[in-house]
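Enquirer: If you number the sequence shown the way the numbering used here does, the last residue is 490 and the count never jumps. Beta carbons are placed, not taken as given, at the ideal position from N, Cα and C, and that holds for glycine.
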Amino acid sequence: MRSHLLNDLTAEHYRRSVTEGVERVAARLAATDRPFTGVTVDALAPRIERIDLDRPLHDTTAALDELQDVYLRDAVYFHHPRYLAHLNCPVVIPAVVGEAVLSAVNSSLDTWDQSAGGTLIERRLIDWTAARIGLGPAADGVFTSGGTQSNLQALLLAREEAKPGRDGREGPAGLAKLRIFTSRASHFSVQKSAKLLGLGQESVVALPVDRDQRMQTLALARELRRCREDGLVPMAVVATAGTTDFGSIDPLPEIAELCAEYGTWMHVDAAYGCGLLVSPTRRDLLAGIEHADSVTVDYHKSFFQPVSSSAVLVRDGATLRHATYHADYLNPRRAAAERVPNQVDKSLQTTRRFDALKLWMTLRVMGAEGVGRLFDEVCDLARQGHRLLAADPRFDVVVEPTLSTLVFRYVPRAVTDPARIDRANLHARKALFASGDAVVAGTKVAGRHYLKFTLLNPETTADDIAAVLDLIAGHAEQYLGESLDRAS
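(1) Where do the ends of the alpha helix (DSSP H) carrying Ala-33 lie?
(2) Is the beta carbon of Phe-38 closer than 7 Å to that of Val-442?
(3) Residue range of the alpha helix (DSSP H) that Pro-48 falls in?
(4) For the putative contact between Asn-427 and Leu-390, defined by C-beta atoms under 8 Å, what is the C-beta separation to the nearest angstrom?
(5) If we call anything under 7 Å between Cβ atoms a contact, is Val-239 one with Ile-257?
(6) How far does the alpha helix (DSSP H) with Ser-191 in it extend, from its first residue to its last?
(7) Expressed to the nearest angstrom, what Euclidean distance is found between the alpha-carbon atoms of Gly-200 and Lys-165?
(8) Assuming the contact rule is C-beta atoms closer than 8 Å, Ile-251 and Gly-275 should be a hit. Round their C-beta distance to whole Å, please.
(9) Could you tell me the distance, in whole angstroms, from the CA atom of Pro-97 to the CA atom of Leu-104?
(10) Nearest-angstrom Cα distance between Glu-1 and Glu-379?
(11) When you compare only the Cα positions, how much space is there between Asn-333 and Leu-376?
(12) Excluding the 5 residues preceding and the 5 following His-140 in the sequence, name in chain order all residues of the same chain whose CB lies nearer than 6 Å to its CB.
(13) With distances taken from CA atoms, which of Val-417, Ile-474, Val-401, Asp-394 is nearest Arg-431?
(14) What distance in whole Å lies between the Cβ atoms of Ser-296 and Val-314, which are believed to be in contact at a cut-off of 8 Å?
(15) Determine whether the beta carbon atoms of Glu-225 and Phe-183 lie at a separation below 7 Å.
(16) Any chance the stretch 37-52 sits against the stretch 74-86, with 3 or more Cβ pairs inside 8 Å?
(17) I'd like to confirm the pairing. Which residues does DSSP put opposite Arg-450 in its beta bridges?
(18) Buried or exposed: Glu-371, going by 16 or more other Cβ atoms within 10 Å of its Cβ?
(19) Can you give me the Cβ contacts of Thr-150 inside the same chain, cut-off strictly under 6 Å, excluding the 5 residues immediately before and after it?
(20) So what does Gly-176 bridge to, in DSSP terms?
(21) Closest by CA to Ile-135, which one among Leu-159, Ala-289, Leu-383, Arg-341?
(22) How about Val-207 and Arg-228: are their beta carbons less than 7 Å apart?
(23) For Arg-492, does the three-state DSSP call read helix, strand or coil?
(24) Quick one: using the 10 Å Cβ neighbour count with 16 as the cut-off for buried, is Asp-56 buried or exposed?
(25) Quick one, are the C-beta atoms of Leu-504 and Phe-356 less than 7 Å apart?
(26) Hey, how far is the Cα of Leu-66 from the Cα of Gly-23?
(27) At which residue ranges does the stretch 219-292 contain complete beta strand (DSSP E) runs of 3 or more residues, listed in the order of the chain?
(28) For Phe-410, list the residues DSSP reports as bridge partners.
(29) Taking the alpha-carbon positions, what's the Gln-155 to Asp-382 distance?
(30) Which of the three DSSP states, helix, strand or coil, is assigned to Ala-65?
(31) Could you tell me how far apart the beta carbons of Asp-61 and Leu-322 are, in whole angstroms, since I believe they sit closer than 8 Å?
(32) Starting from Thr-184, follow its DSSP beta bridges and name the residues at the other end.
(33) Return the bridge partner residues of Asp-142 from the DSSP annotation.
(34) Between which two residues does the alpha helix (DSSP H) containing Asp-300 stretch?
(35) Determine the closest residue to Ser-349 out of Arg-230, Leu-159, Gly-476, with distance taken between C-alpha atoms.
(36) With distances taken from CA atoms, which of His-6, Gln-116, Phe-145 is nearest Asp-129?
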């Protein structure tokens, strides 16, 4: 079994095995003519369940043959131009090269004595991102598993900076006074983080949004004032730069002013909108983000990186101490005194992949502007898609896109019952997924079911969008016709 360990003696075996795996994936990518096969759970599950994991195949080729049957053939392929569903991007080749390198070397980014150059590369990328944001010379941060973890860590820091326990009222009674303000269109991880941080459900105040799905700052001002009058503590305001459903960007300058007035931590969830940091034409949409106390970025969304690749950035690196715990066997206090750069001192994780290498390789090969141009392309495409939807009487589109998301709904002329229209849209999405011809997402707006295009593939065209709209309308019309037949 030692022949399977990666080392100096097995380098040639490693080369052959990985090459064979890469060739299988490359062949599958080249042959993919739709984003999904339409396989059902009932069809796929038995194939996986009948594999006896206690009886190995002892052969890489045989294992790859099996993998073709249980995974590669039926995977959902984000690189296909008619995958239009979630915030999943096609990935750039330099990042995939980085993924192959980091997996093989297997550095762990918790301590310097496990990562050396990896530690310094991650720190350099954090500094680069903080500079792009404009957080200032004291900024710092750390790579995370994704936007949910980044938001959690940011709110942990905000809690520690704001909690009433600092003046002797530690414990649940003190924490109950903390309040987090965010818009109704923000990510669910805000509420989830509040729960994980021991704050009550009432701690999150969801503010109304305007017609463009942006936080209403008048409502924020009113709630901050009420919070102070009620003797509560405004722990944080979470602004969103790119909401999941609409791609909307909250009014960051006005929010920053209110946070400064009330002494409140300002966190910007830019998991989606972070691609604007490298956009040659749209960077101004993030004006005001430089005033944030913390920022979430997801490179695995709008930087075209493989999952996972995210980071949390803070204006004042000293606040990261709230995530620090010293273990004698790993990062003893003396290491900090000796200025040993142990990244575990900043992170909620201990063992952590060298995910920063993927972004490093991307920037060194493509450059920041190259990434930004790709993101600009999908934002431009969304505007084309909006024009198509606005001119098509079969559909109702919610808002003009700021980034690359379109929320819309099929609205037949002959049907006025909102519940039936809801069912038609739900059916159209499911039928489209089952066909494998395209994949779209769904959401709710004002309690009604809508469909969603999340455009992150520069290879998608306006013709693709038009074709998928025709498919959606066809499935919806078929459903409505069949339901009328059943009713008659």
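Expert: Taking the coordinates as given:
(1) Stepping through the sequence shown from its first residue, residue 33 is reached at position 31. 13-33 is the span of the alpha helix (DSSP H), which, as asked, contains Ala-33.
(2) As a working mapping, residue 442 is identified with position 440 in the sequence shown. As a working mapping, residue 38 is identified with position 36 in the sequence shown. No, the Cβ-Cβ distance between Val-442 and Phe-38 is not below 7 Å.
(3) Sequence index remark: in the sequence shown, residue 48 carries index 46 (1-based). Pro-48 -> alpha helix (DSSP H) spans 43-51.
(4) Reading the sequence shown from its first residue, position 425 is the one you call residue 427. Reading the sequence shown from its first residue, position 388 is the one you call residue 390. Asn-427 to Leu-390, Cβ: 17 Å. No contact.
(5) For this step, residue 239 is matched to residue 237 along the sequence shown. For this step, residue 257 is matched to residue 255 along the sequence shown. Against a cut-off of 7 Å, the Cβ pair of Ile-257 and Val-239 comes out as a contact.
(6) Walking along the sequence shown from the start, residue 191 turns up at place 189. From DSSP, the alpha helix (DSSP H) with Ser-191 extends over 191-198.
(7) For this step, residue 200 is matched to residue 198 along the sequence shown. For this step, residue 165 is matched to residue 163 along the sequence shown. Taking the straight line joining both Cα atoms gives about 12 Å.
(8) Taking the sequence shown and counting its residues from 1, the one referred to as residue 251 is at position 249. Taking the sequence shown and counting its residues from 1, the one referred to as residue 275 is at position 273. Right, their Cβ atoms sit about 6 Å apart.
(9) Reading the sequence shown from its first residue, position 95 is the one you call residue 97. Reading the sequence shown from its first residue, position 102 is the one you call residue 104. First, the residue type needs correcting, since residue 97 is Ala and not Pro in the sequence shown. Distance between the alpha carbons of Ala-97 and Leu-104: 10 Å.
(10) Only positions 3 to 490 of the chain appear in this structure, which leaves residue 1 out of reach.
(11) Locating residue 333 in the sequence shown gives position 331, where the first residue counts as 1. Locating residue 376 in the sequence shown gives position 374, where the first residue counts as 1. For Asn-333 and Leu-376, the distance between alpha carbons rounds to 40 Å.
(12) Here the question's residue 140 lines up with position 138 in the sequence shown. It should be noted that the sequence gives Ala, not His, for residue 140. Correct list, in chain order: Asp-318, Gly-319.
(13) In the sequence shown, counting from the first residue as 1, residue 431 sits at position 429. For the residues Val-417, Ile-474, Val-401, Asp-394, the minimum Cα distance to Arg-431 belongs to Ile-474.
(14) Locating residue 314 in the sequence shown gives position 312, where the first residue counts as 1. Locating residue 296 in the sequence shown gives position 294, where the first residue counts as 1. The Cβ separation is near 6 Å, so the contact holds.
(15) Position 223 of the sequence shown, counted from the first residue, corresponds to residue 225. Position 181 of the sequence shown, counted from the first residue, corresponds to residue 183. Result yes, Cβ atoms of Glu-225 and Phe-183 sit closer than 7 Å.
(16) They touch, by the three-pair rule.
(17) Counting from one through the sequence shown, the residue named residue 450 turns up at place 448. According to DSSP, Arg-450 bridges with Val-447.
(18) Within the sequence shown, the letter at position 369 stands for residue 371. It counts as exposed.
(19) The residue labelled residue 150 in the question sits at position 148 within the sequence shown. So the qualifying residues of the chain are Ser-191.
(20) Position 174 of the sequence shown holds residue 176. Paired residue(s): none; Gly-176 is not in a bridge.
(21) Taking the sequence shown and counting its residues from 1, the one referred to as residue 135 is at position 133. Minimum Cα distance to Ile-135 is reached at Ala-289.
(22) Taking the first residue of the sequence shown as 1, we reach residue 207 at position 205. Taking the first residue of the sequence shown as 1, we reach residue 228 at position 226. Between Val-207 and Arg-228, the gap from beta carbon to beta carbon reaches 7 Å or more.
(23) Because the chain is modelled from 3 through 490, residue 492 falls outside the range shown and cannot be assessed.
(24) Within the sequence shown, the letter at position 54 stands for residue 56. By the neighbour-count rule (16 or more Cβ atoms within 10 Å), Asp-56 is not buried but exposed.
(25) Since the first residue shown for the chain is 3 and the last is 490, residue 504 is missing from the structure and cannot be characterised.
(26) Here residue 66 corresponds to residue number 64 of the sequence shown, with the count starting at 1. Here residue 23 corresponds to residue number 21 of the sequence shown, with the count starting at 1. Cα to Cα, the separation comes out at about 7 Å.
(27) 235-242, 267-272
(28) Taking the first residue of the sequence shown as 1, we reach residue 410 at position 408. Partner(s): Val-399, Leu-453.
(29) As a first step, residue 155 is located in the sequence shown; it is residue number 153 there, counting from the start. As a first step, residue 382 is located in the sequence shown; it is residue number 380 there, counting from the start. Answer to the nearest angstrom: the Cα atoms are 33 Å apart.
(30) Taking the sequence shown and counting its residues from 1, the one referred to as residue 65 is at position 63. Three-state DSSP puts Ala-65 in a helix.
(31) The sequence position of residue 61 within the sequence shown is 59, counting from 1. The sequence position of residue 322 within the sequence shown is 320, counting from 1. Contact flag wrong, Cβ pair sits at about 47 Å.
(32) Residue 184 sits at position 182 when you count from the first residue of the sequence shown. Answer is Ala-208, Val-240, bridged to Thr-184.
(33) Start at 1 with the first residue of the sequence shown, and residue 142 comes out as number 140. DSSP output for Asp-142 lists Val-316 as bridge partner(s).
(34) Here residue 300 is taken as the residue at index 298 of the sequence shown, counted from 1. Here Asp-300 belongs to no alpha helix (DSSP H); instead the beta strand (DSSP E) covers 296-300.
(35) Position 347 of the sequence shown, counting from 1, holds the residue named residue 349. Of the candidates Arg-230, Leu-159, Gly-476, the one whose C-alpha sits nearest the C-alpha of Ser-349 is Leu-159.
(36) By one-based count along the sequence shown, residue 129 stands at place 127. Comparing Cα-Cα distances from Asp-129 to each of His-6, Gln-116, Phe-145, the minimum goes to Phe-145.
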